[in-house]
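Here our numbering is used: position 268 in the sequence shown is 365, and no number is missing along the way.
Every residue, glycine too, gets a C-beta built ideally from N, C-alpha and C.
Here the structure is a predicted model, which is why all the values come from computation and not from measurement.
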Amino acid sequence: MAENQDSFPTRYWGNMTDHAPCCTSIKFAVLNTVNNSWTDDEQQQKVCDRALAVSETSIKSRISDTITITHSMGALMLGGAIASGKCNLAPSTTWISTGAPMRGSMGSDYLQGSCDGETNRIMEKLANITGRCPVSTAIRSLAYEHGDYASVKLNRAYKEAQDVYRTHVKAAMCSYKHSGLISNYQWQFWLLGKVVPHKTPHNDGMVEFHSCAGGIPEAKFGNNYRDQFYVTKLNHFDVAFQSGDALLDEAKMPMKWFECLLQRYVQATASYSLYFVLDQMPQVLL
């Protein structure tokens, strides 16, 4: 969609409006992240332009008085945009990241291998039948860093985006386990967690904790929703707030984590806007 939206047309994000009563405005960016690489200059510029349009205090390429929330590949697009000088964040802007594949995803490598005939025949047939072959531009751009499908150029782009990520991200939600919340998509991430040859069992079904942390020290993460850097037992859709919170397990409360962050970053005397950047990687793979 050509402009920011006041509400999101699908269930990609959970109901965020009711959980952000103190924000001046809430905007959603709807970008084509299926047919475009996160390294694409035009795509990165769109992320900047949409963010700059959210707050009236943003000037030229400087994003001000905005709480920017990215899920999955959205973090790479914003990180890449800042790294290449397309825009920058003012001190008054807060970047919150969830499920970011800052080192790529083995899901990309696995799908590329399936389409190339390098996995078992069942998965190859499934990939072809479901239309996942040929692999989309977006999925190819998420090849695991320094893996078989990552080019020198892509590895360099990852490093640049990671440097920005470590510098600017104020809070992040990643996963150590993908057990997830009860939902109609839960089983899909159980399957992905088993089938995809992740380098570690610590993942959300699609993105490993190591990739999501993006170089932020593991010691900074805690498993309580009150922690600024939150390590959870949620799957890749859960960290987009799609299924609310668990009743008792504090490692499965993304909404409460979000609310605590807003209490921390939204000052009563300031005017803040929320800006959500999405990614459609999960829909492509499932």
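Own chain residues within Cβ distance below 7 Å of residue i, not counting five before or after
i      : result
Arg263 : Gly311, Gly312, Ile313
Ala300 : First, the residue type needs correcting, since residue 300 is Asn and not Ala in the sequence shown. Only Ser272, His275, Gly290, Phe306 meet the Cβ criterion.
Closest by C-alpha distance to residue i, when choosing among the options
i      : options                        : result
Ser211 : Ala343, Pro294, Met174, Leu331 : Pro294
Lys143 : Pro231, Ala187, Thr154, Val127 : Val127
Ser276 : Gly302, Cys184, Met350         : Gly302
Thr191 : Ala235, Asp260, Gln325         : Gln325
Lys296 : Phe286, Trp287, His307         : His307
Val261 : Glu315, Ser181, Cys357         : Ser181
Lys256 : Phe286, Ala269, Arg200         : Arg200
Distance, residue j Cα to residue i Cα
i      : j      : result
Leu359 : Lys157 : 26 Å
Asp245 : Asp206 : 8 Å
Pro198 : Val304 : 6 Å
Leu175 : Pro351 : 22 Å
Leu173 : Lys349 : 24 Å
Gly228 : Thr329 : With a pLDDT of only 46 at Gly228, under 50, the local geometry of the prediction cannot be trusted, and the value read off the model is given with reservation. Their backbone Cα atoms lie some 32 Å apart in a straight line.
Lys353 : Arg323 : 8 Å
Lys183 : Glu139 : 10 Å
Glu153 : Leu208 : 42 Å
Gln259 : His265 : 10 Å
Asp346 : Phe355 : 16 Å
Leu344 : Cys230 : 40 Å
Val292 : Cys357 : 35 Å
Glu100 : Ser122 : 15 Å
Other residues of its chain near residue i: CB distance less than 6 Å, five sequence neighbours each side excluded
i      : result
Ser155 : Leu149, Ser161
Ser340 : Leu278, Ser280
Asn320 : Val328, Ala348
Ser202 : Leu239, Met303, Val304
Gln283 : Gly277
Cβ-based burial, residue i [other Cβ within 10 Å; buried from 16]
i      : result
His333 : buried
Asp335 : buried
Asn225 : Unreliable positioning characterises Asn225 in this predicted model, as indicated by a pLDDT of 45, which lies under 50. A coordinate reading is not provided.
Val249 : exposed
Arg361 : exposed
Gly204 : buried
Ala316 : exposed
Asn133 : buried
Arg147 : buried
Cβ-based neighbour list, residue i, same chain, cut-off 8 Å, excluding 5 preceding and 5 following
i      : result
Asn185 : Ser158, Arg159, Ile160, Ile179
Asn252 : Glu242, His243
Phe286 : His275, Gly277, Asp301, Gly302, Met303, Asn332, His333, Phe334
For the segment 116-168, list the beta strand (DSSP E) runs that are entirely contained and at least 3 residues long, ordered along the chain. Scanning the segment 116-168 for uninterrupted beta strand (DSSP E) segments of 3 residues or longer gives 122-126, 163-168, listed from N- to C-terminal end.
Tell me the start and end of each unbroken alpha helix (DSSP H) in the segment 258-333 that is at least 4 residues and wholly inside, in chain order. Taking 4 residues as the minimum length, the alpha helix (DSSP H) runs contained wholly in the segment 258-333 are 283-292, 306-310, in order along the chain.
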